[in-house]
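Protein chains: 2
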Amino acid sequence: MKNIITIDHGSGGQLTSQLIEDIIVPSFQNNALNELKDGAILINQEHPLVFSTDSFVVDPWNFSGGDIGKLAICGTNNDILMAGGIPKYLSCSLIIEEGFLLDDLKLILNSMKETAKACDIQIVTGDTKVIEKQKGNQIFINTSGIGFLKRKTSYSYKEEDVVIVSGSIARHGASIFMAREDIQLLGEVHSDCAPLNEQAKNAMGIEGLRIMRDPTRGGVATTCIELIEQTEFGMELYEQEIPIDLDVKTLCSLLGFDPLYLACEGRMLAICAKEDANKMCQALGQDAKIIGKIIKSHPKELHLKTKLGATRRLRKLSGQPLPRIC
Amino acid sequence: MKNIITIDHGSGGQLTSQLIEDIIVPSFQNNALNELKDGAILINQEHPLVFSTDSFVVDPWNFSGGDIGKLAICGTNNDILMAGGIPKYLSCSLIIEEGFLLDDLKLILNSMKETAKACDIQIVTGDTKVIEKQKGNQIFINTSGIGFLKRKTSYSYKEEDVVIVSGSIARHGASIFMAREDIQLLGEVHSDCAPLNEQAKNAMGIEGLRIMRDPTRGGVATTCIELIEQTEFGMELYEQEIPIDLDVKTLCSLLGFDPLYLACEGRMLAICAKEDANKMCQALGQDAKIIGKIIKSHPKELHLKTKLGATRRLRKLSGQPLPRIC
């Protein structure tokens with residue numbers, strides 16, 4: 004590893020994994036942290052808790068379909084859900100750059116309020132810091148959240164388990180890219196940024212559920228690799244089954260992005276038993292689709308069956324192709 | 004209020020209060036948040052939780068007596084204690100500026116590890132973001148924490164209740180100032196940055212305890228004002244009883260700082276019944292001192308009895324006299 008932190012360490016790809024797994028986690032060794040899920044499960048309680056944290060540094064802070072406030076609530080709320088918890092309490096910590104407009108802050112706080120209401124989560128504690136001009140980037144928000152464990156999930160896969168996505172992918176990453184580069188020619192791409200409460204709660208009620216994850220930073224490809232790399236299984240995705248809206252597809256082909264690596268912020272992946280596939284699709288809503296399966300050949304590898312019938316191995320990104328999206 | 008965020012909004016003084024009370028809290032209305040303590044108490048559980056969050060943006064990140072890692076653990080750990088909880092779990096969210104040295108990150112993580120051990124708290128979940136050069140300031144750390152409520156405290160003062168401080172004040176603020184301005188002539192002023200677990204647990208065992216608070220940003224004066232402004236009582240401090248070490252005293256008189264407004268990061272204030280004053284001093288350690296009392300005259304006002312026998316009203320700072328210390 005290089006001896007300085009580079010922007011690639013934050014990409015969600017290979018270097019991010021290395022930084023977290025080689026440097027950070029070994030510093031803090033404990034069972035809850037070692038699982039590397041989106042949220043820690045604190046099991047030595049009568050009512051086990053799910054605890055999660057995320058800092059949001061998205062640039063620009065407002066974009067089509069949301070803003071950093073909405074994102075900061077959805078992000079931690081959804082992480083708790085993906086860990087099998089029902090979100091209940093949030094903290095909100097603001098780091099604001101000197102010179103930020105108070106009216107913009109009010110807009111962001113209002114987004115947070117509205118989104119928290121939609122998630123049925125309470126913001127119960129907070130902190131506010133102001134930093135000097137040019138020592139920050141307008142506004143950063145950390146939210147941390149507590150939920151109560153409803154469904155313990157695990158990597159207990161079986162061969163032929165199905166991989167289901169709740170809707171079209173890559174919208175958030177595409178939206179941020181357009182907002183950042185101020186690309187007008189294609190119209191607006193709306194972010195998918197949204198709470199996953201209803202879908203996740205439905206999914207938790209299905210017996211064959213193995214695990215849930217929201218494909219945020221690093222996109223569907225990185226998330227799917229993370230879902231298998233600690234197991235003895237592999238995964239196969241079917242390119243033609245992966246839902247991608249036309250506007251996102253057009254943007255990606257024009258600019259040479261692979262939508263499989265673009266973030267979603269309102270979609271979830273569920274892995275479940277083959278026999279519960281239909282139930283799970285219903286649970287995740289009308290746009291849900293089976294996009295892949297768990298395989299025994301090629302353990303720890305993610306393979307894409309392309310539309311042309313070829314097979315391509317997908318790996319974690321080793322660079323930083325995209326603007327920050329969290 | 005001005006229409007932009009200024010550095011004074013982060014000073015811990017008057018403008019910080021206004022920002023939080025007029026803009027932020029009304030956005031998120033709920034009982035836990037409205038109390039404006041250092042941590043939220045989540046009472047609708049069998050075992051009530053204490054939940055707290057803090058972002059640390061101290062500049063420079065290392066200073067005599069600690070670094071941002073030690074501070075980030077002590078800060079949230081101590082906030083949980085002050086709210087009457089026994090700290091148990093922490094999250095750690097890093098925002099790192101591109102170009103930061105990996106060896107420095109390792110130093111910080113090691114401080115966090117050692118301090119967490121001293122606090123008997125587990126870091127169970129985390130997040131890592133990297134931001135572009137000049138869009139941050141080396142490293143920011145958010146820690147959020149969960150504890151279990153041991154002692155419910157409140158502003159239930161009685162006249163003649165005593166105000167006790169656990170040790171000499173203003174060391175942290177003075178240390179950060181010297182590190183930031185690279186002042187060498189006085190030798191080093193060590194920060195008091197430290198966990199308060201033992202003292203706070205002792206204090207929670209004393210029946211006459213009313214409330215605890217650590218006088219961080221804004222110092223003893225601001226914290227004392229916050230301790231009375233929501234009540235019908237006032238407070239009187241005795242200048243000659245307030246412990247200030249000679250090195251800090253010298254620095255303050257040379258530079259014109261008022262040590263009453265300089266932060267501590269390893270001291271606590273306890274308000275308790277007069278009859279338990281001696282017990283409380285013992286609980287808080289050999290350096291603890293009675294520095295003031297609750298009064299009925301002058302409700303919501305903080306008065307300082309000076310060494311010369313005069314009385315001076317202390318108010319929240321309306322400017323930003325000091326470097327960021329959190």
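Here the protein sequences line up with chains A and B, keeping their order. In terms of this note's numbering, the first sequence is residues 4 to 329. In terms of this note's numbering, the second sequence is residues 4 to 329. Built from N, CA and C at the ideal position, the CB exists for glycine as well.
Step through the CB atoms of chain B and report whether any lies within less than 8 Å of the CB of residue i.
i, result
"residue 306 of chain A", "no"
"residue 128 of chain A", "yes"
"residue 35 of chain A", "yes"
"residue 254 of chain A", "no"
"residue 27 of chain A", "yes"
"residue 289 of chain A", "no"
"residue 101 of chain A", "yes"
"residue 135 of chain A", "yes"
"residue 160 of chain A", "no"
"residue 233 of chain A", "no"
"residue 180 of chain A", "no"
"residue 157 of chain A", "no"
"residue 58 of chain A", "yes"
"residue 132 of chain A", "yes"
"residue 24 of chain A", "no"
"residue 244 of chain A", "no"
"residue 184 of chain A", "no"
Which word fits residue i, buried or exposed, when buried means at least 16 other C-beta atoms lie within 10 angstroms of its C-beta?
i, result
"residue 201 of chain B", "exposed"
"residue 198 of chain A", "buried"
"residue 125 of chain A", "buried"
"residue 156 of chain A", "buried"
"residue 259 of chain B", "exposed"
"residue 218 of chain B", "buried"
"residue 120 of chain B", "exposed"
"residue 314 of chain A", "exposed"
"residue 309 of chain B", "exposed"
"residue 82 of chain A", "buried"
"residue 138 of chain A", "buried"
"residue 123 of chain A", "exposed"
"residue 321 of chain B", "exposed"
"residue 230 of chain A", "buried"
Less than 8 Å separating the beta-carbons of residue i and residue j?
i, j, result
"residue 7 of chain B", "residue 102 of chain A", "yes"
"residue 221 of chain B", "residue 264 of chain B", "yes"
"residue 73 of chain A", "residue 128 of chain A", "no"
"residue 28 of chain A", "residue 36 of chain A", "yes"
"residue 225 of chain B", "residue 16 of chain B", "yes"
"residue 283 of chain B", "residue 209 of chain B", "yes"
"residue 84 of chain B", "residue 149 of chain B", "no"
"residue 31 of chain A", "residue 42 of chain A", "no"
"residue 69 of chain A", "residue 196 of chain A", "yes"
"residue 262 of chain B", "residue 247 of chain B", "yes"
"residue 173 of chain B", "residue 63 of chain B", "no"
"residue 250 of chain B", "residue 312 of chain B", "no"
"residue 268 of chain B", "residue 13 of chain B", "no"
"residue 57 of chain B", "residue 96 of chain A", "yes"
"residue 214 of chain A", "residue 294 of chain A", "no"
"residue 94 of chain A", "residue 147 of chain B", "yes"
"residue 184 of chain A", "residue 297 of chain A", "no"
Using beta carbons (cut-off 8 Å, strictly below), is residue i in contact with chain A?
i, result
"residue 21 of chain B", "no"
"residue 200 of chain B", "no"
"residue 279 of chain B", "no"
"residue 106 of chain B", "yes"
"residue 321 of chain B", "no"
"residue 138 of chain B", "yes"
"residue 84 of chain B", "no"
"residue 226 of chain B", "no"
"residue 215 of chain B", "no"
"residue 112 of chain B", "yes"
"residue 143 of chain B", "yes"
"residue 13 of chain B", "yes"
Which whole-angstrom value describes the C-beta separation of residue i and residue j, a residue pair presumed to lie in contact below a C-beta threshold of 8 Å?
i, j, result
"residue 71 of chain A", "residue 61 of chain A", "5 Å"
"residue 306 of chain A", "residue 316 of chain A", "6 Å"
"residue 45 of chain A", "residue 92 of chain B", "6 Å"
"residue 303 of chain A", "residue 232 of chain A", "5 Å"
"residue 206 of chain B", "residue 286 of chain B", "5 Å"
"residue 290 of chain B", "residue 171 of chain B", "7 Å"
Meets three-Cβ-pair contact criterion under 8 Å: the segment 167-177 of chain B and the segment 133-141 of chain B: no
contact_flag[the segment 175-184 of chain B, the segment 100-117 of chain B] where n(CB pairs < 8 Å) is 3 or more: no
Touching by the beta-carbon criterion (3+ pairs, under 8 Å), the segment 236-256 of chain B and the segment 275-289 of chain B: no
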